[in-house]
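Enquirer: Have a look at this one.
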Amino acid sequence: MSRLDSFIRRLEAQRACLDHVVGLIAGRDGPALEIGLGNGRTYDHLRARLGDRALYAFDRELKAHPDCVPPAEFLILGDFRDGFRLASVRIGRPAVLAHCDFGSGDRAATAALAAWLGPALKPLLAPGAIVLSDQALDGFRPLPLPAGVAEGRYFLYRHGDGG
Ligand SMILES: C[S@@+](CC[C@H](N)C(=O)[O-])C[C@H]1O[C@@H](n2cnc3c(N)ncnc32)[C@H](O)[C@@H]1O
358 MSRLDSFIRR
368 LEAQRACLDH
378 VVGLIAGRDG
388 PALEIGLGNG
398 RTYDHLRARL
408 GDRALYAFDR
418 ELKAHPDCVP
428 PAEFLILGDF
438 RDGFRLASVR
448 IGRPAVLAHC
458 DFGSGDRAAT
468 AALAAWLGPA
478 LKPLLAPGAI
488 VLSDQALDGF
498 RPLPLPAGVA
508 EGRYFLYRHG
518 DGG
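Under the numbering used here, think of the first position of the sequence shown as 358, with each following residue one higher.
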């Protein structure tokens with residue numbers, strides 16, 4: 358498989374997973390979290406599908422496409438470690454969906470961040486919340502991926518016993 362094929366498959370898998378999780382939280386009240394705003398592509402996709410559900414975006418810096426910049430009250434800038442500390446106060450209610458997209462070319466740094474992020478995310482989540490991640494995370498119950506998405510390409514979980 359060429360690198361182009363692999364890139365396209367990764368994006369198709371990401372889109373299929375995002376569309377799938379929107380269905381999984383239908384009928385549940387609560388905000389959603391986009392952890393890794395980046396260029397804003399997945400934020401924009403979620404925003405279009407979540408209707409009027411609150412969608413909070415986290416990143417260390419704002420580098421999103423101008424059309425994909427969240428309103429100030431939904432943007433939490435700074436290292437995730439600081440952002441998560443602020444978030445429970447800022448957001449005020451537990452999230453029913455977290456999409457985590459934070460991987461970089463630095464494998465060691467990504468692995469260290471993933472090890473921190475799983476436990477750190479839990480206090481922000483409602484029981485039964487859905488967690489979708491580009492990296493494997495510890496401490497959540499794995500859910501099956503949507504049809505056509507290869508195992509290990511993306512990671513889907515449910516938090517706790519609810520839902
Ligand atoms: C893969 S990009 C996100 C891409 C984005 N979801 C999109 O579709 O455009 C990962 C983002 O995570 C952010 N990030 C990585 N580690 C971080 C950390 N420790 N604190 C805050 N942001 C971080 C980076 O700045 C980067 O913008």
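All residues carry an ideal CB built from backbone N, CA and C; glycine is no exception.
Would you mind working out which of 457, 488, 377 and 509 sits nearest residue 516, comparing C-alpha positions?
Expert: 488
Enquirer: Using the three-state DSSP reduction, which class does residue 382 fall into: helix, strand or coil?
Expert: Looking at residue 382 - three-state DSSP - the assignment turns out to be coil, as it is neither helix nor strand.
Enquirer: Compute the distance between the beta-carbons of residue 377 and residue 503, then report whether it is under 7 Å.
Expert: yes
Enquirer: Leaving out five residues on either side along the sequence, give the residues of the same chain with a beta carbon under 7 Å from the beta carbon of residue 359.
Expert: none
Enquirer: Along the chain, where does the beta strand (DSSP E) containing residue 402 start, and where does it finish?
Expert: Not the beta strand (DSSP E): residue 402 falls in the alpha helix (DSSP H), residues 398–406.
Enquirer: Does at least one heavy atom of ligand 1 sit under 6 Å from the Cβ of residue 338?
Expert: For the chain, the structure presents residues 358 to 520; residue 338 sits outside this window and is missing.
Enquirer: Would DSSP call residue 417 helix, strand or coil?
Expert: coil
Enquirer: Rounded C-beta distance between residue 419 and residue 426? I'm assuming under 8 Å.
Expert: 7 Å
Enquirer: Any heavy atom of ligand 1 closer than 6 Å to the CB of residue 458?
Expert: yes
Enquirer: Which residue from 396, 423, 422 and 429 puts its Cα closest to that of residue 412?
Expert: 429
Enquirer: Grouping DSSP H, G and I as helix and E and B as strand, with all else coil, what is residue 434?
Expert: strand
Enquirer: Please report the straight-line C-alpha distance between residue 403 and residue 371, rounded to a whole angstrom.
Expert: 11 Å
Enquirer: Enumerate in chain order the residues of its own chain whose CB-to-CB distance from residue 382 is below 7 Å, with the five nearest sequence positions on each side excluded.
Expert: 453, 454 and 487
Enquirer: Can you say whether residue 494 is buried or exposed, counting buried as having 16 or more other CB atoms within 10 angstroms of its CB?
Expert: buried
Enquirer: Going by DSSP, what residue range makes up the alpha helix (DSSP H) through residue 486?
Expert: Element bounds for residue 486: not the alpha helix (DSSP H) but the beta strand (DSSP E), 482–490.
Enquirer: Quick one: what's residue 392 bridged to in DSSP?
Expert: 415 and 457
Enquirer: Go through its chain and collect everything with a Cβ distance to residue 407's Cβ below 7 Å, but skip five positions before and after it.
Expert: Hits under 7 Å: 379 and 389.
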